[in-house]
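Here is the structure we will look at.
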Amino acid sequence: MAKHNIIITRLWQTDNSTVSKYEITGSSIKGYFLERPGPDTQTPNQRKRIPEGNYSLKWHNSHIPTVRPYNPVPLLFNAIVPESRKILIHNGNYPRDTDGCLLIGTSRGVDFVGSSVRNLSS
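Right, dumping it as structure tokens:
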């Protein structure tokens, strides 16, 4: 992955999830994320969402069984969310599919993102 940044902007939150839009700078790649509901945290292992904002991206090989077939997947980090927190962008459609990572999609609804695997491939 060439050096790119990703910009995450919140759209809405329910009791079960948060839906955001994203765009990758220097490219035409954009879509939606589904993640855990708030509040935001920078602390690892809290099963909570990250703050919206700008993040750097790098490739990461995940050991999560449902993610492993799509390795490598993007890992994001910035000055307040360290690489060691291991926030990944991966496949999944519903809140039950994430413990703190970002589920990627091309469409969105309440507690849902769609076309996850297709968007992850781009």
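Heads up: the sequence shown runs through residues 1 to 122, numbered per full-length UniProt numbering.
Ideal Cβ positions, reconstructed from N, Cα and C, are used throughout, including at glycine.
Small disclaimer: the values here were computed from a predicted structure and weren't measured.
| Query | Result |
| --- | --- |
| Whether residue 84 touches residue 71 by CB criterion (8 Å) | no |
| Among 99, 120 and 19, nearest to residue 87 - alpha-carbon criterion | 99 |
| Per-residue DSSP class, three states only, for residue 23 | strand |
| Cβ pair residue 93, residue 114 closer than 8 Å | yes |
| Buried/exposed call for residue 74, threshold 16 Cβ in 10 Å | buried |
| Residue nearest to residue 95 in terms of C-alpha spacing, selected from 107, 89 and 111 | 111 |
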